[in-house]
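Residue numbers (UniProt numbering): 1 to 854.
In this text, a Cβ means the ideal position worked out from N, Cα and C, and glycines have one as well.
Because the structure is a prediction, the values reported are computed rather than measured.
One structure below.
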């Protein structure tokens with residue numbers, strides 16, 4: 001019946017619509033039907049005498065069987081897909097809409113190659129590498145199944161007009177046959193990467209793209225029919241993705257996700273889903289793109305796409321993605337083990353908790369004790385049946401599993417981090433020190449981490465991390481001790497305030513100054529500060545800022561404050577921090593925070609106002625050692641501090657929980673809070689009296705100058721003199737590499753006292769480090785000099801191609817300025833192109849201007 005064009009699934013669906021229960025006795029006598037079938041079989045039974053010469057005439061006798069109609073087969077498959085959608089809960093109204101959509105767009109589906117026009121997009125262009133030549137290679141050895149597939153597939157391509165015979169072609173490659181998921185199906189591939197120039201096209205980030213699927217309930221998946229493109233052609237992947245963007249650009253990330261030849265549609269309701277499906281199929285018809293009906297699903301509540309299982313409950317890994325790894329036998333040789341490790345690493349994004357699973361193997365890969373035959377890891381089983389691994393010799397503290405939180409906690413309530421989880425430890429250090437943390441010192445960073453986390457080498461790791469922070473090394477300077485003297489101190493909050501204007505580079509919005517206001521109480525400053533940006537630094541701006549932050553003060557800075565609240569005003573001369581408390585220290589911390597954050601975020605000096613709020617938060621909410629580990633906001637107002645490690649957001653739902661402070665609960669704990677603050681202030685004052693004495697003693701024991709012994713090839717930071725300095729400019733540039741050592745009493749460009757050691761010669765120089773060095777040096781790297789010319793004003797200019805920019809963006813720079821910046825590069829280029837007339841004239845002009853020969 002299927003060969004005659006009848007759809008069994010369609011007939012059953014029609015029968016279900018007419019009657020839910022059928023009495024098969026009405027169909028007639030079963031014996032009579034069997035007899036009719038038997039007579040037909042006997043009529044078509046082959047005569048034994050004809051079998052003697054059947055083999056001789058089989059090649060010349062045409063087949064009398066009628067081939068199946070492809071259109072009918074496609075309709076049968078689509079009806080089956082509709083039936084599957086009904087079983088998944090598709091309503092009758094939506095069923096009619098789906099039938100209409102598929103009926104209107106039946107022509108976009110195809111099962112095999114045909115004579116239809118190609119997809120209406122720009123064709124793939126193959127670009128050979130410069131100097132690429134044909135290479136003679138032997139034919140591969142194929143099994144019989146692969147040979148049969150090659151013969152059939154090439155015949156299909158030839159019949160469709162996609163390939164033609166060419167026995168004299170110079171460029172040729174023996175294809176490699178790869179098996180598909182379905183048994184007996186194959187794919188033909190080649191590798192042309194060594195001789196072709198890759199096509200630049202960015203592939204989408206699926207992890208980021210799938211964030212658009214939050215809150216979606218229904219889905220559909222579409223797959224493109226067989227595409228006659230060899231998959232391992234250099235540009236095959238990039239070209240397919242560019243075609244998807246061309247055809248569905250306005251729908252991508254707005255209801256449709258595309259990865260090569262697979263499309264995923266999503267919506268929060270069935271009505272929106274079918275409107276989207278109609279648009280997608282219309283685009284397919286517009287560009288003549290053909291879909292494979294067997295690989296499409298038009299209504300799903302749980303879709304499997306790109307190795308993920310997607311539903312309204314969330315996104316999870318598809319277990320089918322790693323079934324090949326699970327089916328592998330135990331490795332019996334080093335080659336099998338290496339293949340298994342490489343395969344698991346390639347599939348790591350599809351394996352949940354990959355780091356925890358592979359953790360026991362890390363000590364083995366590092367060697368060490370494993371070479372002596374001793375076991376480097378052990379396996380223990382918990383009561384819940386879960387397996388846990390730990391490195392040999394690791395002293396695991398007394399930890400318990402928190403069922404509600406989902407992690408191990410110590411006896412003090414801290415989160416325990418295993419020693420082998422190096423990536424997690426590094427991430428914690430980054431969050432606690434960089435970004436919103438403001439690049440504070442090692443003591444503040446260590447205290448913030450140890451309040452919530454614990455691992456055996458936490459203090460050593462934090463000291464090493466903060467000490468090697470490149471952003472901090474570029475801005476930290478030497479400490480200037482204050483002279484002997486006394487300073488004023490207060491006993492209550494807001495009894496004595498210190499404020500000072502800090503000048504910054506002019507910002508894009510007109511701000512040039514920041515008023516730093518800091519409180520002094522309990523004999524020593526609490527550390528609480530407020531920052532007020534302003535375009536001017538005058539009395540009116542000062543009064544306005546104090547009125548915003550301190551409502552108890554009056555409008556005028558001096559007169560009304562003295563007259564209304566009995567305050568005393570003391571004049572302080574500039575650059576005397578010992579007379580104005582330690583507000584100058586706050587200025588230094590503000591500049592340090594602005595420098596490090598603008599360096600980390602790659603902002604220009606005139607964009608420092610964008611991170612001013614982060615700097616104020618870091619100063620007020622980070623625990624201070626001078627306050628006995630209490631944050632300034634806690635010492636000043638009694639509020640708990642909020643560090644970057646205190647806030648947690650769900651990675652999938654993005655749900656943030658807020659804490660309500662009811663008035664009754666506040667009144668209930670006010671007395672306890674007041675007593676606790678008095679005790680805390682007493683401890684803070686005692687500690688603040690002790691710390692300066694200890695600091696003075698340590699400082700007196702230190703030597704004034706300590707030069708480092710540099711070796712050839714070491715990486716150092718360089719203290720530069722800036723022609724037009726500003727307060728946000730980095731103090732130390734680099735890193736640079738030592739290429740030559742000058743003998744004693746010789747002349748050098750930079751003395752060793754202006755160098756700061758950064759790393760040894762074994763440093764791994766990455767692209768990020770090179771980009772940062774270019775940014776910190778406030779410039780770009782010269783990749784190539786393209787030509788010279790004389791401008792309209794008579795000055796010579798050189799066209800420079802900067803690294804990271806296209807040749808079309810190469811600007812013309814003054815030759816004299818380039819000689820000051822890249823003298824060696826420019827001199828070599830002039831010598832190399834001395835035959836050029838314009839270059840020769842430019843050389844003569846430079847020599848006349850500089851007064852010496854190049």
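Linking residue 340 to residue 325 through their CA atoms gives a straight-line distance of about 8 Å.
For residue 807, there is no enclosing beta strand (DSSP E), since its DSSP letter is neither H nor E. Its chain contains 513 as the residues whose beta carbon lies nearer than 6 Å to that of residue 503, once the 5 sequence neighbours on both sides are disregarded; these appear in chain order. Beta-bridge partners assigned by DSSP to residue 503: 513.
Look at residue 273 here: in three-state DSSP terms it is helix.
Residue state for residue 289 is assigned as coil, using DSSP reduced to three classes. Distance between residue 813 and residue 607, taken at the CA atoms: about 26 Å.
Per DSSP, residue 77 is one residue of the alpha helix (DSSP H) stretching across 70 to 87. For residue 827, same chain residues with a beta-carbon under 7 Å away, outside a window of 5 residues either side, are 854 in chain order.
Residue range 458 to 467 is occupied by the alpha helix (DSSP H) that includes residue 459. Three or more Cβ pairs closer than 8 Å define a contact, and the region 587 to 606 meets that threshold against the region 432 to 450. Counting C-beta atoms within 10 angstroms of its own C-beta, residue 454 has 16 or more neighbours from the protein chains shown and is therefore classed as buried.
Only residues of its own chain outside the window of five on either side were considered, and among them none has a CB closer than 6 Å to the CB of residue 421. Proximity to residue 92 across 270, 211, 254 and 411 peaks at 270, based on C-alpha coordinates. DSSP, reduced to helix, strand and coil, places residue 795 outside both helices and strands of the structure shown, so it counts as coil. In this structure, the beta-carbon distance from residue 275 to residue 256 does not fall below 8 Å.
The three-state reading of DSSP puts residue 631 in coil, since its state is none of H, G, I, E or B. Look at the beta carbons and you see the region 311 to 318 not touching the region 284 to 293: under three pairs across the two are nearer than 8 Å.
Rounded to whole angstroms, residue 293 and residue 14 show a C-alpha spacing of 21 Å.
For the pair residue 210 and residue 823, the Cα-to-Cα distance works out to about 50 Å.
Look at the beta carbons and you see the region 163 to 174 touching the region 130 to 137: at least three pairs across the two are nearer than 8 Å. Residue 85 and residue 295 have their C-alpha atoms spaced approximately 14 Å apart. The three-state secondary structure of residue 783, taken from DSSP, is strand.
By the beta-carbon neighbour count (other beta carbons within 10 angstroms, threshold 16), residue 632 is buried. Judged by beta-carbon spacing, residue 203 lies beyond the 8 Å limit of residue 246, meaning their Cβ atoms are not closer than that value. Relative to residue 431, the option among 406, 405 and 469 whose CA is nearest is 469.
For residue 261, no alpha helix (DSSP H) run applies, since DSSP gives it neither H nor E. In the three-state reduction of the DSSP assignment, residue 498 falls in the strand class. Assignment of residue 342 by DSSP, reduced to helix, strand and coil, places it in the helix class. If you ignore the 5 residues before and after residue 516, its C-beta comes within less than 7 Å of the C-beta of 499, 500, 502, 529, 531, 583, 586, 587 and 590, all in its own chain and listed in chain order. Residue 248 and residue 289 have their C-alpha atoms roughly 11 Å apart. Counting only the Cα atoms, residue 536 lies some 25 Å from residue 618. Cβ atoms of residue 221 and residue 305 come within 8 Å of each other, at about 6 Å. Contact between the region 147 to 155 and the region 97 to 111 is not established, with fewer than three Cβ pairs separated by less than 8 Å. Residue 788 holds the alpha-carbon nearest to the alpha-carbon of residue 840 among 404, 788 and 74.
For residue 615, the secondary structure class from DSSP, reduced to helix, strand or coil, is helix.
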